[in-house]
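Undergrad: Residue numbers (my numbering): 1 to 225.
We treat Cβ as the ideally placed atom computed from N, Cα and C, and that holds for glycine.
Once you've had a glance at the structure underneath, I'll fire off some questions.
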Ligand code: DX5
Ligand code: ZN
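The structure is reproduced here in structure tokens:
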């Protein structure tokens, strides 16, 4: 069965001096989820923002807050992201030795639990955790920066994860280099949550965001059929 396409703009590409206004602009422009990239300068070679920023943004939006933690260790910080208002907390398979336990901890905090895989990580790592995962995020760039080029060989991984998921109630998200050109490849392979940072925000203003979100959605939906 075809799942609806959800577009999740990443605020990493927004104007940080106007973060609240940018969030509200993409909400009005048709974002389904808001993707929030947390980077620690250790697990990935860049830093972004943490739980306090997410907590400050929370009252400004009713959208699903899709929090992507690119941090290690991750366990000591899960509770503060749940309290900050995350709906989904995604951790990286490469970030710790006890993925199963971390995913269980996220669910125990009342959030949906996501597992992200870097481009070089084999899809087999999701097999043992399928029963504790609500979302699989496949990185289509190496995490750490917005605006990078889509890594095409990951498309084949999307198909394999889709097959592994089968008819389980698990969402399949892609993140990195998603544009109107690459979104259809992802959707055709079985991804239905598409993170888009620079593709949306480079459009400059709310009308541009709306146009870009609609174009990406349309291209992805057309590829599903
Ligand atoms: C990369 C982040 C992405 C990033 C996507 O480490 O996880 O969410 O913001 O940005 P674009 O869409 O510009 O590749
Ligand atoms: Zn991300």
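Once DSSP output is grouped into helix, strand and coil, what is the label at residue 93?
TA: Here residue 93 sits in coil by DSSP.
Undergrad: Is residue 60 near residue 30, with beta carbons less than 8 Å apart?
TA: Cβ atoms of residue 60 and residue 30: not closer than 8 Å.
Undergrad: In whole angstroms, what is the alpha-carbon distance linking residue 148 and residue 141?
TA: If I take the Cα positions, the gap works out to 7 Å.
Undergrad: In three-state terms, what does DSSP make of residue 120?
TA: Reduced to three states, the DSSP call for residue 120 is coil.
Undergrad: Select from 186, 172, 111, 144 the residue whose C-alpha is nearest the C-alpha of residue 154.
TA: Minimum Cα distance to residue 154 is reached at 186.
Undergrad: For residue 9, report the span of its beta strand (DSSP E) as first-last.
TA: Where residue 9 is concerned, the enclosing beta strand (DSSP E) stretches over 6-9.
Undergrad: Can you tell me which of 10, 162, 49, 203 puts its alpha carbon nearest to the alpha carbon of residue 124?
TA: Answer by Cα proximity: 162.
Undergrad: Helix, strand or coil, according to DSSP, for residue 37 in the structure here?
TA: The answer is strand: DSSP assigns residue 37 an E or B state.
Undergrad: Using 8 Å as the Cβ pair cut-off and three pairs as the minimum, do the segment 41-58 and the segment 169-183 touch?
TA: No, the segment 41-58 does not touch the segment 169-183.
Undergrad: So, residue 7 versus residue 138, is the Cβ gap smaller than 8 Å?
TA: No, they are not a contact pair.
Undergrad: What are the start and end residues of the alpha helix (DSSP H) that includes residue 163?
TA: Where residue 163 is concerned, the enclosing alpha helix (DSSP H) stretches over 154-165.
Undergrad: Helix or strand or just coil, what does DSSP make of residue 175?
TA: Residue 175: strand per DSSP, three-state reduction.
Undergrad: Are the beta-carbon atoms belonging to residue 114 and residue 135 less than 8 Å from one another?
TA: Yes; because the gap between Cβ atoms is below 8 Å, this pair is in contact.
Undergrad: Whose beta carbon lies closer than 6 Å to any heavy atom of the ligand ZN, going through the chain in order?
TA: Matched residues: 10, 35, 37, 68, 175, 195.
Undergrad: In chain order, what residues of the same chain have a beta carbon less than 6 Å from the beta carbon of residue 95, not counting five sequence neighbours either side?
TA: Same-chain partners within the cutoff: 43, 72, 74.
Undergrad: Measure the Cβ-Cβ separation of residue 159 and residue 190 and say whether it is below 8 Å.
TA: In this structure, residue 190 lies closer than 8 Å to residue 159 by Cβ.
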